[in-house]
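Structure first, commentary second.
2 protein chains.
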Amino acid sequence: MRKVFQAELQEVREELAEIAKLVAEALSKAVTSFETADVELAQEVIAADAHIDFKQTALDEKAIEILALQGPVASDLRIIVGSLRMSASLERMGDLARHIAQLARLRYPENAAPAAVRPTFSRMAELDQLIIESVAELLETHDMSLVAKIQGANAEIDELHASVFRSVADPSWSESPSSTVDAALASRYLERFADHGVSVARKVSYLVTGEWDGDSAAN
Amino acid sequence: MRKVFQAELQEVREELAEIAKLVAEALSKAVTSFETADVELAQEVIAADAHIDFKQTALDEKAIEILALQGPVASDLRIIVGSLRMSASLERMGDLARHIAQLARLRYPENAAPAAVRPTFSRMAELDQLIIESVAELLETHDMSLVAKIQGANAEIDELHASVFRSVADPSWSESPSSTVDAALASRYLERFADHGVSVARKVSYLVTGEWDGDSAAN
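Just so you know, the sequences run in chain order A and B. Sequential numbering of the first sequence, starting at 1, is according to UniProt numbering. Sequential numbering of the second sequence, starting at 1, is according to UniProt numbering.
In structure tokens:
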């Protein structure tokens with residue numbers, strides 16, 4: 001029984017890492033579509049999000065089945081409940097990648113990334129990519145050094161997010177109202193993406209080390 | 001054992017309704033602070049959010065304890081897992097109310113609600129209030145007629161959210177870039193609030209009726 005259970009837990013873990021990789025791919029394509037006004041690529045991200053949703057639902061069903069058949073307690077139970085939460089965060093990260101692609105599609109053939117903040121968005125996107133790839137690796141390897149890396153990237157993103165609002169408030173800002181909205185929303189999506197990444201990282205950390213550092217961030 | 005379990009489920013249900021009522025109060029105050037540039041009220045909402053977070057954590061601990069001690073299966077298990085998800089949605093709704101209050105505080109002594117879309121925001125806020133109050137009632141009474149009411153309000157909010165972006169794109173839009181950002185973010189927060197409300201309503205509906213209508217909305 002115990003052996004079956006361990007194999008099932010391993011399966012859940014691999015499946016979470018698999019979903020994280022799909023999200024990493026979605027983010028990469030979404031950002032490219034956003035930066036280059038590539039409407040076909042944007043469309044691809046939007047269509048592929050249903051697959052992430054499907055995988056999340058399947059994983060959640062698997063987790064509930066484990067709860068029902070194995071009746072885990074203590075740390076095993078927390079791993080399963082934690083997996084349900086991590087899958088929700090990953091699914092939400094997929095949604096945020098889709099939202100970025102939707103911004104690109106909405107503005108096509110124009111570029112949705114306002115010129116004045118394009119370098120800021122590039123850096124935010126790069127950090128988000130690092131976060132989701134690190135999350136996938138963390139889920140697979142439980143290499144705890146990745147947690148600090150993810151948190152560091154998130155801190156830099158928060159700073160960049162704030163700088164977007166300072167750019168908008170600057171007298172030199174000359175974008176149209178619609179571009180201004182795009183900038184605000186894109187920045188918000190990129191920032192939320194990182195929050196969810198941190199949330200997953202903290203849950204892995206808690207489940208592996210048993211220590212919780214008092215997260216009240218993204219769910 | 002069964003009797004204890006039913007009493008515990010009832011406790012979880014009451015606690016969820018209790019959190020929903022706190023969120024309703026937070027939203028009401030947040031919207032007033034946003035509409036009237038009342039920085040003290042905004043501050044109150046921001047401070048009170050920690051209490052909602054605390055109640056969510058306590059409820060989740062209770063749910064996990066039930067899973068561990070009672071090892072529920074079938075529909076009982078789904079109720080507990082559903083409760084974990086509903087509590088996450090409610091906590092997130094509290095965060096969104098806090099974000100609205102934070103916009104009010106950020107712009108004080110100016111008014112964060114741009115004049116051109118103030119009536120739209122008033123209506124969105126009214127609908128969000130109806131949604132969260134209906135969610136609280138639905139959690140308490142399981143009166144399924146509330147589900148359609150919540151979904152109807154959400155549909156109207158989606159329409160109003162889109163209209164904010166049309167207003168911003170209109171040549172007559174004359175707000176500053178920072179006010180434009182506030183409009184975009186406030187609209188987004190009000191729209192997401194409704195999504196989470198629908199998500200909770202659909203989960204209650206699923207748990208009570210056993211029928212799922214294929215939600216892929218907010219988690």
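The C-beta atom is built at its ideal place from N, Cα and C for all residues, glycine as well.
Kindly indicate the opening and closing residues of the alpha helix (DSSP H) around residue i.
i                      : result
residue 82 of chain A  : 74-107
residue 119 of chain A : 118-141
residue 112 of chain A : No alpha helix (DSSP H) contains residue 112 of chain A, which DSSP labels as neither H nor E.
residue 179 of chain A : 177-209
residue 148 of chain B : 145-169
residue 172 of chain B : Segment: none, residue 172 of chain B is in no alpha helix (DSSP H) and carries neither H nor E.
residue 60 of chain B  : 39-70
Check the Cβ of residue i against every Cβ in chain B and list those closer than 9 Å, keeping chain order.
i                      : result
residue 136 of chain A : Under the 9 Å cutoff, chain B gives no residues; its nearest Cβ is about 19 Å from residue 136 of chain A.
residue 64 of chain A  : 77, 78, 81
residue 103 of chain A : Within 9 Å Cβ-Cβ: nothing; residue 103 of chain A doesn't reach chain B, min ~11 Å.
residue 84 of chain A  : 81, 84, 85
Report the neighbours of residue i on chain A: residues whose CB is nearer than 7 Å to its CB, in chain order.
i                      : result
residue 180 of chain B : 177, 180, 181
residue 71 of chain B  : 71
residue 130 of chain B : The contacting residues do not exist; residue 130 of chain B stays about 24 Å from chain A at best.
residue 168 of chain B : 177, 178, 181
residue 160 of chain B : Near residue 160 of chain B there are no residues of chain A at all, since even the closest Cβ is about 15 Å away, more than 7 Å.
By Cβ distance below 7 Å, which residues in the same chain neighbour residue i in space, the five residues on each side in sequence not counted?
i                      : result
residue 96 of chain B  : 189, 192, 193
residue 135 of chain B : 20, 150, 197, 200, 201
residue 68 of chain A  : none
residue 205 of chain A : 144, 147
residue 78 of chain B  : 207
residue 87 of chain B  : 16, 19, 56, 59, 60
residue 115 of chain A : none
residue 132 of chain A : 20, 23, 24, 27, 93, 197
residue 13 of chain B  : 139
residue 166 of chain A : none
residue 203 of chain B : 82, 85, 86
So which residues on chain B does residue i lean against when the C-beta distance must stay under 8 Å?
i                      : result
residue 192 of chain A : Near residue 192 of chain A there are no residues of chain B at all, since even the closest Cβ is about 10 Å away, more than 8 Å.
residue 165 of chain A : 178, 181
Once the 5 residues before and after residue i are set aside, which same chain residues still bring their CB inside 8 Å of it?
i                      : result
residue 98 of chain B  : 26, 30, 45, 46, 49
residue 276 of chain A : This structure gives no information on residue 276 of chain A, because the portion of chain A shown stretches from 1 to 219.
residue 55 of chain B  : 15, 18, 19, 22
residue 11 of chain B  : 62
residue 51 of chain A  : 22
residue 3 of chain B   : none
If contacts are defined as beta-carbon pairs under 8 Å, then residue i and residue j qualify, I think. What distance do you get, rounded to the angstrom?
i                      : j                      : result
residue 208 of chain B : residue 142 of chain B : 5 Å
residue 63 of chain A  : residue 84 of chain A  : 5 Å
residue 183 of chain B : residue 175 of chain B : 7 Å
residue 168 of chain B : residue 181 of chain A : 5 Å
residue 16 of chain A  : residue 130 of chain A : Not confirmed; about 18 Å, so no contact.
residue 53 of chain B  : residue 8 of chain B   : Not really, about 22 Å apart at Cβ, beyond 8 Å.
residue 178 of chain A : residue 35 of chain A  : The Cβ separation is near 18 Å, so there is no contact.
I want to verify the contact list: residues of chain A whose CB lies under 8 Å from the CB of residue i, in sequence order.
i                      : result
residue 121 of chain B : Correct list: empty, because the minimum Cβ distance to chain A is about 15 Å.
Anything in chain A within Cβ reach of residue i, meaning under 9 Å, just list it in chain order.
i                      : result
residue 188 of chain B : 184, 185, 188
residue 67 of chain B  : 67, 71, 72, 73, 77, 80, 81
Which chain B residues are close to residue i, counting only those with a beta carbon under 7 Å from its beta carbon?
i                     : result
residue 22 of chain A : Here the premise fails: no neighbours, minimum Cβ distance about 15 Å.
Residues in its own chain within less than 6 Å of residue i by CB, not counting five upstream and five downstream?
i                      : result
residue 118 of chain B : none
residue 187 of chain A : 161, 164
residue 127 of chain A : 153, 156, 157
residue 93 of chain B  : 23, 193, 196
residue 70 of chain A  : 5
residue 125 of chain A : 31
residue 101 of chain A : 30, 33, 42, 45, 46
residue 74 of chain B  : none
residue 89 of chain B  : 196, 199, 200
residue 211 of chain B : none
Is residue i close to chain D, meaning its C-beta is less than 8 Å from at least one C-beta of that chain?
i                     : result
residue 40 of chain B : Of the chains in the structure shown, none is chain D; the protein chains are A and B.
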